[in-house]
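This report refers to the structure that appears directly beneath it.
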Amino acid sequence: MAHTPVNHPLRPIYRIVGFVTGAYLVAFGIIGFISTSGEAFTGPGARALGQGTNILWSIISLAIGALVLLATAVGRNLDAAADQYLGWGLLVLGSYSLCVLRTDDVNFFGFTMSTVIVTYLVGLLLITVSLYSKTAPQSQAGAPRQVREGRTA
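So the mapping is simple: my numbering equals the position in the sequence shown, first residue as 1, plus 175.
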């Protein structure tokens, strides 16, 4: 992690991207929970925002989105750690769901191909946000890259 930038100039934009990503997950979870209420907890469910979902995946999306929003609101490098771990978790979950996409017995989350793609995109967004949203005191951050390379800032 020595090459992970700290105090990146675009950090506020990356935090906004993380917040929007978390808000999307919360909205998807709520809409999915409403559209699948009364159906089976796992297995094929309904469609919400163009993606396949069931009650289980709606609850998981709602929880992940709430964690991302909470970590983004708190900040202090908690958002960088939470976004990183949740992003990698979404990539693992998307890979599992891609493997069991055409089966009915083990597709617990009711994923469709569009859900897998969106899960990958959200996971990659969270990982990218985690790479550029780290902060450190100016005394520990070191010199900016331009100064280290001998150029003027």
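Cβ atoms here follow ideal geometry from the backbone N, Cα and C, with glycine treated the same way. These numbers were taken from a predicted model, which means no experiment stands behind them.
Q) For the 8 angstroms Cβ check, are there 3 or more pairs between the segment 194-211 and the segment 233-249? A) Short answer: they touch.
Q. Using the C-alpha atoms, what's the distance from R326 back to Y271?
A. Y271 and R326 have their C-alpha atoms some 47 angstroms from each other.
Q.
Can you look up R326 in the DSSP assignment and give me helix, strand or coil?
A. Reduced to three states, the DSSP call for R326 is coil.
Q. Between E324, S305, P312, which lies nearest to T179 when the distance is taken from Cα to Cα?
A. Closest by alpha carbon: S305.
**Q.** Entirely enclosed alpha helix (DSSP H) segments - the segment 225-305, minimum 4 residues
**A.** Runs of the alpha helix (DSSP H) inside the segment 225-305: 230-249, 253-274.
Q) Do the CB positions of G298 and L265 come within less than 9 angstroms of each other? A) It is a contact, given that the beta carbons lie within the stated cut-off.
Q.
What would DSSP say about A223, mapped onto helix, strand or coil?
A. DSSP places A223 in strand when its eight states are reduced to three.
Q) Considering only residues of the same chain and omitting the five flanking positions on each side of T294, which have a CB-CB separation below 6 angstroms? A) Around T294: L265, G269.
(Q) Given this structure, state the Cα-to-Cα distance separating H183 from D254, to the nearest angstrom. (A) Distance between the alpha carbons of H183 and D254: 14 angstroms.
**Q.** G193, enclosing alpha helix (DSSP H) - first and last residue
**A.** Its alpha helix (DSSP H) spans residues 186-211.
Q: Report the rounded CA-to-CA distance for T196 versus P312, giving the unit in angstroms.
A: Distance between the alpha carbons of T196 and P312 is about 27 angstroms.
Q. Residues in its own chain within less than 8 angstroms of M176 by CB, not counting five upstream and five downstream?
A. Residue placement at M176 is flagged as unreliable, the pLDDT there being 46, under the threshold of 50; the coordinate-derived value follows with that caveat. Here the set comprises nothing.
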